[in-house]
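Engineer:
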Amino acid sequence: MSDPVLDRLAVRFEELLPAGAVITDPVRLRTYECDGLTHHRAMPGIVVLPETAEQVAAAVRLCGEYGVPFVARGSGTGLSGGALPRTDGVLIVTSRMRRILEIDLPNRRAVVEPGVTNLAITEAVREQGYYYAPDPSSQQVCSIGGNVAENAGGAHCLKYGFTVNHILGLEIVTPDGEIVELSALDPGYDLLGAFVGSEGTLGIATKITVRLSRTPEAVTTLLAAFGSIEGGGEAVSAIIAAGIVPAAIEMMDALAVEAAEAAVGCAYPEGAGAVLIVELDGPRAEVEHQFAAVERICRETGAFEIRVAASAEERAAIWKGRKSAFAAVGRISPAYIVQDGVVPRTALPEVLAGIDRLQEEYGIRVANVFHAGDGNLHPLVLFDDAAPGEGERAATVSGRILDLCIEHGGSITGEHGVGVDKSRYMPKMFTEEDLDTMQLVRCAFDPRSLSNPGKVFPTPRLCGEVPGVRKGVHPLVESGRAEQF
Amino acid sequence: MNAATGPGAALAAAGVTIRPAGPDDAVAGVAPRWVALPETTREIAAVMRVSAAHDLAVVVAGAGTTLHWGRPPERCDVLIDTCCLNEILEHEAGDLVVRVQAGVPVETLTEALAAKGQELALDPPLAGGTVGGLLAAGLAGPRAFRYGTARDLLIGITVVLADGTIAKAGGKVVKNVAGYDLGKLFTGSYGTLGVIADATFRLHPLPAARACVVWSGPTLDEILAAVPAVTASQAEPSAVELDRPAPDGPRAVAVLVEGAAAAERARAVRDLLGGEARIADEPPRWWGRLPEPGFVEPGGPSGGGGVLLEIRTVPSRLPGLFAGALARTDAAVRGSLASAVLRVALPAETDPAAAAAFVSALRAELADEGRVVVLSAPEPVARRVDLWGHVGGLALMRRIKDRFDPDRRMSPGRFVGGI
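One line per chain: the protein sequences are X and C, in this order. Offset between the first sequence (1-based) and our numbering: plus 116. Offset between the second sequence (1-based) and our numbering: plus 344.
#1: Classify residue 204 of chain X: buried if its beta carbon has 16 or more other beta carbons within 10 angstroms, exposed otherwise.
#2: Of the choices C:565, C:618 and C:616, whose alpha-carbon is the least far from that of residue 665 of chain C?
#3: What residue range is occupied by the uninterrupted beta strand (DSSP E) comprising residue 282 of chain X?
#4: Below 9 Å on C-beta distance, what does residue 578 of chain C contact in chain X?
#5: Quick check on residue 410 of chain C - is its C-beta less than 9 Å from some C-beta in chain X?
#6: Curious, which full-length alpha helix (DSSP H) runs of at least 4 residues does the region 637-712 of chain C contain?
#7: So for residue 59 of chain X, helix, strand or coil by DSSP?
#8: Hey, how far is the Cα of residue 584 of chain X from the Cα of residue 391 of chain C?
#9: Could you pull out every residue in the same chain whose Cβ sits closer than 6 Å to the Cβ of residue 617 of chain C, ignoring the five residues on either side in sequence?
#10: Figure out for me which residue from C:660, C:761 and C:502 has the closest Cα to the Cα of residue 511 of chain C.
#11: Any idea which residues DSSP pairs residue 220 of chain X with across the strands?
#12: Going by DSSP, name the residue or residues bridged to residue 584 of chain C.
#13: Using the Cα positions of residue 345 of chain X and residue 179 of chain X, report the straight-line distance between them to the nearest angstrom.
#14: With residue 139 of chain X and residue 166 of chain X assumed to form a contact (beta carbons below 8 Å), what rounded beta-carbon distance in angstroms separates them?
#15: How long is the line joining the alpha carbons of residue 442 of chain C and residue 277 of chain X, rounded to whole angstroms?
#16: Can you confirm whether the region 456-469 of chain X touches the region 490-504 of chain X when touching is taken to mean that 3 or more C-beta pairs between the two stretches lie within less than 8 Å?
#17: So, residue 376 of chain C versus residue 758 of chain C, is the Cβ gap smaller than 9 Å?
#18: Taking any Cβ of chain X, which residues in the region 484-515 of chain C have a Cβ under 7 Å from it, in chain order?
#19: Grab me the residues of residue 443 of chain X's own chain with a C-beta within less than 7 Å of its C-beta, minus the 5 sequence neighbours each way, in chain order.
#20: In chain X, which residues lie with their C-beta within 7 Å of the C-beta of residue 747 of chain C?
#21: Using a Cβ distance threshold of 8 Å, determine whether the region 288-300 of chain X contacts the region 734-745 of chain C, with at least three qualifying pairs required.
#22: Would a check of beta-carbon distances place residue 213 of chain X closer than 9 Å to chain C?
#23: With a threshold of 9 Å between beta-carbons, can residue 623 of chain C be considered close to chain X, or not?
#24: For residue 635 of chain C, name the three-state secondary structure that DSSP assigns.
#25: Would you report the Cα separation of residue 462 of chain C and residue 545 of chain C, rounded to the nearest angstrom?
#26: In chain order, what residues of the same chain lie with their CB nearer than 6 Å to the CB of residue 398 of chain X, ignoring the 5 residues before and after it?
#27: To which residues of the same chain is residue 365 of chain C closer than 8 Å at the C-beta, ignoring the five residues directly before and after it?
#28: Exposed or buried, what is residue 580 of chain C when buried is set at 16 or more other beta-carbons lying within 10 Å of its beta-carbon?
#29: Verify the CB distance criterion: does residue 642 of chain C have a CB-CB separation below 9 Å to chain X?
#30: When you compare the region 664-680 of chain C with the region 718-731 of chain C, are there three or more beta-carbon pairs, one atom per stretch, that lie closer than 8 Å?
#31: If you pair each beta-carbon of the region 235-249 of chain X with each one of the region 185-203 of chain X, do three or more pairs fall below 8 Å?
#32: Got a sec? Which residues, its chain only, sit under 7 Å from residue 475 of chain C by beta carbon, not counting five neighbours each side?
#33: According to DSSP, is residue 156 of chain X helix, strand or coil?
#34: Of all Cβ atoms in chain X, is any one closer than 9 Å to the Cβ of residue 722 of chain C?
#35: Give the interface partners of residue 159 of chain X over in chain C, defined as CB-CB distance under 7 Å, in chain order.
#36: Throw me the rounded Cβ distance for the residue 689 of chain C and residue 676 of chain C pair, which I believe falls under 8 Å.
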């Protein structure tokens, strides 16, 4: 069954875009019906695959002309349904925009199209001794445009920050279909900062200037096995209290270790109640100094085994279990929910105890994997989708974990985004006034709410006209007769 | 206006300390009628509600160190002085996070954090400012090369909008992507979107050690030739600063190394610089301050005597800039060769037309690879130049301003494009 508006729009797209760039065949549309959050699905009305910013802008303008909503999609690896299509709308996919346009090492930057993968940037400059710092787990496939939309993080953002700290410029297509250049050099409001992490609701990035970082002189990775999560947690606190900011501190509990073992045979120490991975990087002299302190702290807090990676291969072996953890729980459970919540680091013990209580109360197992350095939890809530009621109980546990995070002053998402998945939790974290104020930004960019509507915010709101009498810019300035501002 | 029902009475009835403004309260020559001294976020909101009801224009002041920057406000009825918003609300050392009210002096915060072995890794180039002022002006110092600027370290904010709405964004955890990051929009917004009530920052442990490599006396060519290897060095310096008081005077470059094994890493930096570079425990006296000749402390005759510019560009443009426009004037230059952010001061006696031509020449030379912002200038200069230069996304900024402050009552006219 077809929608007459979308049919007319599809014809216009065909005129506008290169051959093969417009998809209306239901079989092919199905490829795009979900992103990494696979239990939310919707068949897009139309999929377009533009190759240039001008084509993206023209596509967005056409959507505006027909009043049809649009959703941007990169590689579709997002975990919050941010790229979930609209049945009544257009999915604009950036996968054909994957050129690295410029590498400028003297100025430590690269200019890339949004479809370029995160890892491709690092691969392009690695031999010259540079890399792109944010490293989400999906970095081999996730697109930089998606990273910008989600303000992607990764294991190493404890020391190096998030996507937003590494973006120097953007070319965006606004929801009006205008192409606007934003630069970190510009005076004025930090639109760059507001755009990164706006989950596709403020427009589409079509060109991205990223900061390149110098490869650290030394990297040391250590794995420490503890009898319990508490022991590992104590080590984390002591490392931070010693004034050390490791590149990463990751923790896995016994169940997560069991899953990783079953999936990839990571050979972590047997009998570990918790495994801690600490990575230090930087100048060799500094790393050596800090490493000695970290090793001592781990022993003092009860680590019964410590392994140190002496080579890149050994480092990869240590990380293997951690990086495979999400997928690995598929080996020990028919189904699972990946949660993403944040708590102040000092609240970790209480929150983990709370998760234990939830497991008992609901009879649901939770495997804990987390970026311990910054309090970012990724509980994996395990369930059997064939068992009646278990899926619902798992969803309840998953939601109550977020409640725990909020109660302890944390956040409902550290890096996966709000998307469709968590918009209903936004009112628990923010007041109506907070959300209305964020909506002012939305209305400034997208008064008709066509750019990824229904994401991030729980209830769609109409923007309306700006109230009050607008005095605007001084008429002399507007007419170009004065430039004193 | 009836005194019993007018704005003055309404302000007095708002439950906030209000005093009549005096001549010392003028903002870049524009005198407010009242000064409000709120002590809490709710008191700010009360002032803003009265201001909205009576169409009063509002300017916010911290310590006033940058209050004369930007254009004078088109009007100013109420000056909100944040001096009484001076509490450090929360400092959980184990979380490396602090939440502070806007009026807390930066130095007070620095001391409180140092007592716990921590710091907010911002080093604004002006002494005496407040946290709110630092945010509103978006000022960065030498160590921005390593730690980023205020927008990178701010993780949560509470603001009061023009209509009195209290809103917050972000939170008190470092990692958080829930909702729009309003803190970024308010950072560097010159008070034109609303009042910053409190801010939450991520902190860093105080560096275990530090050392500074100072090279005094080389030519600019020598400095510019040596610096790229230093900024790219795996010794990971935190800052690379230049001091060039005059085109033909003495010059120095200083490189800060922080953290474990600082001394050893400083030696590596010294070897890269070569020549006469020496290692000192502390940075030189001029470190992290605005260039001096043209700059007069606030409160001077026109709120700052000379012309102060900020150049933001990319490192590869620096040699051309120094050989070009910067060589031709008596400008004093200080700033980061690593981040390519320089502050330039012209002496107070600089001819206004010459100052304006200098700004134009800098902009022409940088084209789209840099920006030149006039941070502060005497009125005869300010009249002749566009203080902000090219602003990408200005139309979007105007739309944001229209949504946040539709009646244009928040520091009207002070910011880019007359916002």
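In this text, a Cβ means the ideal position worked out from N, Cα and C, and glycines have one as well. Given the structure is predicted, the values throughout are model-derived calculations rather than measurements.
Structural biologist: Quick look at the numbers:
#1: Taking the first sequence and counting its residues from 1, one reaches residue 204 of chain X at position 88. Flag for residue 204 of chain X reads exposed.
#2: Position 321 of the second sequence, counted from the first residue, corresponds to residue 665 of chain C. Of C:565, C:618 and C:616, the residue nearest in Cα terms is C:565.
#3: Against the first sequence, residue 282 of chain X aligns to sequence position 166. Careful: residue 282 of chain X lies outside any beta strand (DSSP E) and carries neither H nor E.
#4: For the purposes of this step, residue 578 of chain C is identified with residue 234 of the second sequence, where counting begins at 1. Within chain X, the residues near residue 578 of chain C are 245, 330, 331, 332, 333, 334, 398, 399 and 400.
#5: As a working mapping, residue 410 of chain C is identified with position 66 in the second sequence. Judged by the 9 Å Cβ criterion, residue 410 of chain C is not in contact with chain X.
#6: 662-667 and 696-710
#7: Since the first residue shown for chain X is 117 and the last is 601, residue 59 of chain X is missing from the structure and cannot be characterised.
#8: In the first sequence, the residue the question calls residue 584 of chain X occupies position 468. In the second sequence, the residue the question calls residue 391 of chain C occupies position 47. Per-residue confidence for residue 584 of chain X stands at a pLDDT of 47, beneath the threshold of 50, marking its modelled position as unreliable; the derived number appears in the next sentence. Distance between the alpha carbons of residue 584 of chain X and residue 391 of chain C: 19 Å.
#9: Here residue 617 of chain C refers to the residue found at position 273 of the second sequence. Taking C-beta separations shorter than 6 Å and ignoring five residues to either side along the sequence, the partners of residue 617 of chain C in its chain run 559 and 570, following chain order.
#10: For this step, residue 511 of chain C is matched to residue 167 along the second sequence. Closest by alpha carbon: C:502.
#11: Here residue 220 of chain X corresponds to residue number 104 of the first sequence, with the count starting at 1. Paired residues: X:225.
#12: Within the second sequence, the letter at position 240 stands for residue 584 of chain C. According to DSSP, which records beta bridges pairwise, residue 584 of chain C is partnered with C:599.
#13: By one-based count along the first sequence, residue 345 of chain X stands at place 229. By one-based count along the first sequence, residue 179 of chain X stands at place 63. When rounded, the distance between both Cα atoms is 51 Å.
#14: Position 23 of the first sequence holds residue 139 of chain X. Position 50 of the first sequence holds residue 166 of chain X. No, residue 139 of chain X and residue 166 of chain X are not in contact; Cβ-Cβ is about 12 Å, not under 8 Å.
#15: Position 98 of the second sequence, counting from 1, holds the residue named residue 442 of chain C. Position 161 of the first sequence, counting from 1, holds the residue named residue 277 of chain X. Their backbone Cα atoms lie some 17 Å apart in a straight line.
#16: By the criterion of at least three beta-carbon pairs nearer than 8 Å, the region 490-504 of chain X is in contact with the region 456-469 of chain X.
#17: On the second sequence, residue 376 of chain C is found 32 positions in, with the first residue counted as 1. On the second sequence, residue 758 of chain C is found 414 positions in, with the first residue counted as 1. No, the pair does not count as a contact, with Cβ atoms beyond the cut-off.
#18: 492, 495, 496, 505, 509, 510, 511, 512, 513 and 515
#19: Locating residue 443 of chain X in the first sequence gives position 327, where the first residue counts as 1. Result list for residue 443 of chain X: 379, in chain order.
#20: One-based indexing of the second sequence puts residue 747 of chain C at position 403. Result: 556, 559, 560 and 582.
#21: yes
#22: Your numbering for residue 213 of chain X matches position 97 in the first sequence. No, its Cβ sits nowhere closer than 9 Å to a Cβ of chain C.
#23: Working through the second sequence from its first residue, we reach residue 623 of chain C at position 279. It does not; no Cβ of chain X falls within 9 Å.
#24: As a working mapping, residue 635 of chain C is identified with position 291 in the second sequence. It is coil, neither helix nor strand.
#25: In the second sequence, counting from the first residue as 1, residue 462 of chain C sits at position 118. In the second sequence, counting from the first residue as 1, residue 545 of chain C sits at position 201. Using only the alpha carbons, I get a separation of about 12 Å.
#26: Numbered from its first residue, the first sequence carries residue 398 of chain X at position 282. Result list for residue 398 of chain X: 332, in chain order.
#27: As a working note, residue 365 of chain C is residue 21 in the second sequence. Hits under 8 Å: 375, 376, 377, 378, 379 and 423.
#28: Within the second sequence, residue 580 of chain C is the residue found at index 236, counting from 1. With 16 or more other Cβ atoms within 10 Å, it is buried.
#29: Residue numbering aside, residue 642 of chain C sits at position 298 when the second sequence is read from its first letter. With a pLDDT of only 43 at residue 642 of chain C, under the threshold of 50, the placement of this residue in the model should not be trusted; the figure read from the coordinates follows. For residue 642 of chain C, not one C-beta of chain X is nearer than 9 Å to its own C-beta.
#30: no
#31: no
#32: What you label residue 475 of chain C is simply residue 131 of the second sequence in a count that begins at 1. These residues qualify, in order along the chain: 444, 446, 448, 450, 453 and 543.
#33: Position 40 of the first sequence holds residue 156 of chain X. In the structure shown, residue 156 of chain X sits in coil (DSSP, three-state: anything other than H, G, I, E or B).
#34: Your numbering for residue 722 of chain C matches position 378 in the second sequence. It does not; no Cβ of chain X falls within 9 Å.
#35: As a first step, residue 159 of chain X must be located in the first sequence, where it is residue number 43. Under the 7 Å cutoff, chain C gives no residues; its nearest Cβ is about 28 Å from residue 159 of chain X.
#36: Residue 689 of chain C sits at position 345 when you count from the first residue of the second sequence. Residue 676 of chain C sits at position 332 when you count from the first residue of the second sequence. Contact flag correct, Cβ pair sits at about 5 Å.
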